[in-house]
Structures are given as structure tokens and as C-alpha cells.
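First to last, the protein sequences are chains A and B. With the first sequence counted from 1, adding 71 to any position gets you our numbering. With the second sequence counted from 1, adding 71 to any position gets you our numbering. Cβ coordinates follow ideal geometry from the N, Cα and C atoms, glycine included. Just so you know, these numbers come straight off a predicted model, no measurement behind them. Reading through the C-alpha cells given below for one structure.
Number of protein chains: 2
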Amino acid sequence: MKHVTFGLVAVATVAGLIAFVVPAPSHAEGEPAPFVTEIPHGYRDWQWISSAHEAGSLNSLGAVLGNDVAIKAYREGKLPFPDGTVLAALHYRYVPSDENNKVFGQAQSFVPGAPTNIQFMVKDSTKYAATGGWGFGHFADGKHGDAAFMKSCFPCHEKARATDLVFTRYAP
Amino acid sequence: MKHVTFGLVAVATVAGLIAFVVPAPSHAEGEPAPFVTEIPHGYRDWQWISSAHEAGSLNSLGAVLGNDVAIKAYREGKLPFPDGTVLAALHYRYVPSDENNKVFGQAQSFVPGAPTNIQFMVKDSTKYAATGGWGFGHFADGKHGDAAFMKSCFPCHEKARATDLVFTRYAP
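This is how it looks when you write it as C-alpha cells:
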């Protein structure tokens with residue numbers, strides 16, 4: 072079904088008839104919602120939004136970075152985030168730092184260990200209309216999460232509706 | 072004593088006799104070592120190096136950011152850090168996120184709370200020769216730490232001699 076819709080749009084474009092074609096829905100009923108399948112370019116150079124420690128089974132320490140559109144929106148307190156916003160959550164194992172603790176003389180320092188995954192939220196209110204305007208991405212060892220796994224992102228983020236599905240606050 | 076030395080250098084410079092003057096030590100015996108007394112401009116826009124949780128009495132969650140010189144040196148694995156390197160450690164209280172925990176259904180999420188202090192390391196091997204080439208800065212509520220407090224930075228950082236007095240590693 073999705074295939075057919077895409078095909079029609081392609082043919083219409085080639086024929087120069089695009090204006091007469093009803094836009095294809097970004098997410099057909101019963102089809103899996105689209106998600107982010109490519110790592111956004113240059114994310115490691117983006118500015119820092121905040122850090123977080125997720126305890127429990129995640130046992131993760133990391134940071135959320137944002138592209139220029141994201142940083143501007145955060146600083147201006149602009150909600151919803153505009154199209155073009157991209158957020159990157161870099162996760163690492165939460166591990167004690169033996170070398171720091173030796174200096175401090177006590178077990179107090181926890182730092183990022185091995186990278187575990189990188190997650191993205193890409194705002195495109197057309198492409199990702201079915202999931203609140205956000206495309207979700209999850210990459211571990213360079214491979215994206217499968218469709219079944221990616222289905223879990225939106226229902227959880229949807230609970231943060233008051234902040235446009237984004238949990239992370241900007242650290243001043 | 073320090074005053075007199077500086078005065079001599081100034082006179083010598085004006086008279087064009089600088090080549091004949093022995094350079095003034097950056098840190099006269101018995102004088103407190105210089106430290107960073109002004110918040111480096113634009114530090115909140117710098118790139119992210121890593122995050123850390125310091126437990127115990129510090130109870131802090133934060134991030135270390137670096138200026139362009141710092142980021143380049145880290146990525147190239149360049150030690151010692153070149154003059155011009157500036158590192159910024161942004162510290163906040165380590166607090167549970169009630170709103171995140173409500174979504175997760177368990178107490179697992181810890182985020183930055185109120186800002187506590189910002190610390191800087193500025194590399195200038197001449198100005199800060201007495202403290203390993205690093206000027207240390209500590210700011211809380213916009214005010215810098217006093218000389219007595221600032222004396223505690225170097226002896227501790229000196230223990231990280233293998234990494235040019237810097238504890239923080241670059242998170243990939």
C-alpha cells in the first residue's frame with residue numbers, strides 16, 4: 072500500500088502533474104510509522120543541552136546535544152520545536168572512574184564508559200506527522216533499531232506532550 | 072615585590088631594552104599563584120567533551136565543554152594541551168527528575184538541578200607557569216573563588232600529570 076502511494080507520487084512528479092495529486096499521507100493506516108534510519112551528519116559537533124544519568128537497567132550516563140535550530144528554540148523557550156530541530160542523545164555506560172577516585176581518596180566519580188547507543192529526534196511535521204512531528208532514531212554499533220523496537224519511542228515520548236514530546240530541559 | 076618586578080619590565084619595554092632584561096617570573100616566591108578571575112566569554116556555546124557525576128559531598132552532575140583549541144587537541148590526542156586551550160566544567164546539583172520517573176514508572180532518572188558553580192582551566196604556559204601552565208577558575212553566583220580557595224586546585228590536578236593535569240577524557 073505504502074509502496075503504491077510512493078509510486079504514484081513519483082509518476083505524477085515526472086509527469087509534472089504534482090499539483091493535481093492529493094499529497095500522500097506520511098503514514099498509512101496500519102503501516103509502521105517512519106523513523107530515522109541515518110545518523111544525522113556532524114552531531115558530535117553540536118552544542119550541549121544537558122546531561123543525564125539513567126540508573127536501573129539502563130545504567131547510562133550521557134549528554135543531549137542539539138543542532139543550531141534546537142539550541143535557538145531552547146534558549147528562546149519556543150514550543151513546539153520548529154521543523155529542522157534535531158536532538159542527539161549520546162549514551163555511555165555509567166562507570167566509576169578509578170583514576171579520579173584514587174585522587175579524591177574515595178569512590179565518588181562516575182564517568183562515561185563504553186558507548187551504548189545514540190538516539191535522535193528529528194522534527195519534521197510532515198514526514199513524521201504520525202508520531203507527533205518527530206522522527207525517532209536509535210543507533211547501536213552504527214545500526215539503526217528495527218521497526219518493532221522503534222515503535223516503543225513515540226508512546227513514551229508522547230507523555231511529555233507539555234514540552235513537545237521532549238524530556239530534556241536546557242541546563243543554563 | 073611582584074609589583075616592583077612588573078614595573079621594571081614595563082620600563083624596560085618602553086625603553087626598548089627588553090632583550091637585556093631577565094624575564095620576570097610569573098609567580099614570585101611566597102606570592103599566591105595567579106588564577107582565572109573573569110569568566111571566559113561564550114563558554115556556554117562550546118562543544119561537549121564529556122559528562123560526569125560526582126557523588127558524595129559534591130553531589131554534582133555536569134558537563135565539561137571546550138573551546139575550539141581544546142576540542143582539536145582532544146580529538147588529535149595532543150598532549151600537553153596547547154596555549155589557548157580553555158576547558159569549562161559546568162556543575163549542577165544532581166537531582167532526581169520527578170517528571171521523567173513518572174513516565175518510566177520508577178526512580179531512575181537523574182538530571183541537573185540548580186547550578187552550583189562553573190570551573191575553568193585556561194592554558195597559558197607563561198602566565199600560569201607556577202601551576203603547570205594552567206590557570207584555574209571557580210565561579211559561584213558570578214563571583215570567583217578567593218585566593219585561599221584557589222590554592223587547592225593545582226595540588227589536586229597535579230596528580231593527573233600523565234594527562235597534563237586534566238581529569239576529563241573525551242567521550243567519543
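For the beta strand (DSSP E) containing residue i, name the first residue and the last one.
i	result
residue 171 of chain A	Segment 169-175 is the alpha helix (DSSP H) holding residue 171 of chain A; no beta strand (DSSP E) there.
residue 110 of chain A	Segment: none, residue 110 of chain A is in no beta strand (DSSP E) and carries neither H nor E.
residue 156 of chain A	No beta strand (DSSP E) holds residue 156 of chain A; DSSP gives it neither H nor E.
residue 196 of chain A	Segment: none, residue 196 of chain A is in no beta strand (DSSP E) and carries neither H nor E.
residue 102 of chain A	Neither: residue 102 of chain A is in no beta strand (DSSP E) and is coded neither H nor E.
residue 179 of chain B	Where residue 179 of chain B is concerned, there is no enclosing beta strand (DSSP E), given that its DSSP letter is neither H nor E.
residue 126 of chain A	Segment: none, residue 126 of chain A is in no beta strand (DSSP E) and carries neither H nor E.
Indicate whether residue i and residue j have their beta-carbon atoms separated by less than 8 Å.
i	j	result
residue 121 of chain B	residue 231 of chain B	no
residue 208 of chain A	residue 220 of chain A	no
residue 158 of chain A	residue 137 of chain A	yes
residue 116 of chain A	residue 118 of chain B	yes
residue 160 of chain B	residue 135 of chain B	yes
residue 185 of chain B	residue 163 of chain B	yes
residue 225 of chain B	residue 239 of chain B	no
residue 111 of chain B	residue 218 of chain B	no
residue 152 of chain A	residue 237 of chain A	yes
Compute the beta-carbon to beta-carbon distance between residue i and residue j, rounded to the nearest angstrom, for a pair I have assumed lies under 8 Å.
i	j	result
residue 124 of chain B	residue 124 of chain A	5 Å
residue 140 of chain A	residue 206 of chain A	Contact flag wrong, Cβ pair sits at about 14 Å.
residue 194 of chain B	residue 234 of chain B	Not really, about 13 Å apart at Cβ, beyond 8 Å.
residue 196 of chain A	residue 154 of chain A	6 Å
How far does the alpha helix (DSSP H) with residue i in it extend, from its first residue to its last?
i	result
residue 147 of chain A	139-147
Which residues in chain E have a C-beta closer than 8 Å to the C-beta of residue i? List them in chain order.
i	result
residue 163 of chain B	The chain labelled as chain E is not found among the protein chains of the depicted structure, namely A and B.
Counting Cβ pairs, one atom from each stretch, are 3 or more of them under 8 Å apart for the stretch 124-142 of chain B and the stretch 196-216 of chain B? no
Where in the stretch 199-240 of chain A do unbroken runs of the beta strand (DSSP E), each at least 3 residues long, occur, reported from the N-terminal end onward? 205-211
Contact the stretch 167-177 of chain A vs the stretch 132-148 of chain A: 3+ CB pairs below 8 Å: no
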